[in-house]
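*Asks:* The structure under discussion is supplied below as structure tokens; questions concerning it will follow.
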Amino acid sequence: MFARLSTYQGSPVPAEGDLVAHSEEIVRQVQDAPGFRGVYYLVDRATGEAKSLTLWEDERSMRDSEELANRIREETARREGQEVVGVQHFEVGFSHLEP
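Have a look at this one:
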């Protein structure tokens with residue numbers, strides 16, 4: 025499995041701020057990409073830093089999705105008042121998620 029980690033910077037997010045307002049739309053855009061396995065969106069409300077982690081079946085699937093990922097990342101950042109500050113790629117050494 026492979027992962028793409030995108031980092032964003034924006035304004036701090038109030039405690040009552042909605043973090044899932046556009047989540048269904050974002051997932052809908054990426055879920056049909058070949059090899060897509062999952063996504064996490066991580067936010068530090070105090071600093072406004074956010075990260076999205078997408079998981080891919082293999083490196084080729086991840087690389088083939090770059091154009092789509094770039095478009096979604098830029099659209100989402102613009103809509104949320106964020107700036108994309110970095111994108112990294114990783115091979116997943118192992119994973120474990122409790123049911």
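Note that the working numbering has the sequence shown beginning at 25, numbered continuously upward.
Yeah, the Cβ is synthetic: ideal placement off N, Cα and C, and Gly gets one too.
Since we're looking at a predicted model, the values are computed, not measured.
Tell me whether Val54 sits in a helix, a strand or coil according to DSSP, three-state version.
*Replies:* helix
*Asks:* Are the segment 25-45 and the segment 66-82 touching, with three or more C-beta to C-beta distances below 8 angstroms?
*Replies:* yes
*Asks:* Let me check understanding here. Comparing Cα to Cα, which of Glu40, Arg61, Ala39 and Arg69 lies closest to Gln106?
*Replies:* Arg69
*Asks:* What residues match up with Gly110 in a beta bridge as DSSP calls it?
*Replies:* Thr31
*Asks:* Go through its chain and collect everything with a Cβ distance to Pro36's Cβ below 8 angstroms, but skip five positions before and after it.
*Replies:* Arg69, Ala70, Thr71 and Gly72
*Asks:* Looking at the secondary structure, which residues open and close the beta strand (DSSP E) in which Ala74 lies?
*Replies:* Glu73 to Trp80
*Asks:* State the Cα-Cα distance for the pair Glu40 and Glu83, rounded to the nearest angstrom.
*Replies:* Rounded to the nearest angstrom, the two C-alpha atoms are 37 angstroms apart.
*Asks:* Going by Cα to Cα distance, which pick from Arg97, Ser119 and His120 is closest to Val109?
*Replies:* Of the listed residues, the one whose Cα sits closest to Val109 is Arg97.
*Asks:* Can you list, in chain order, the residues of its chain with a C-beta nearer than 6 angstroms to that of Leu66? Leave out the 5 residues immediately preceding and following it.
*Replies:* Lys75
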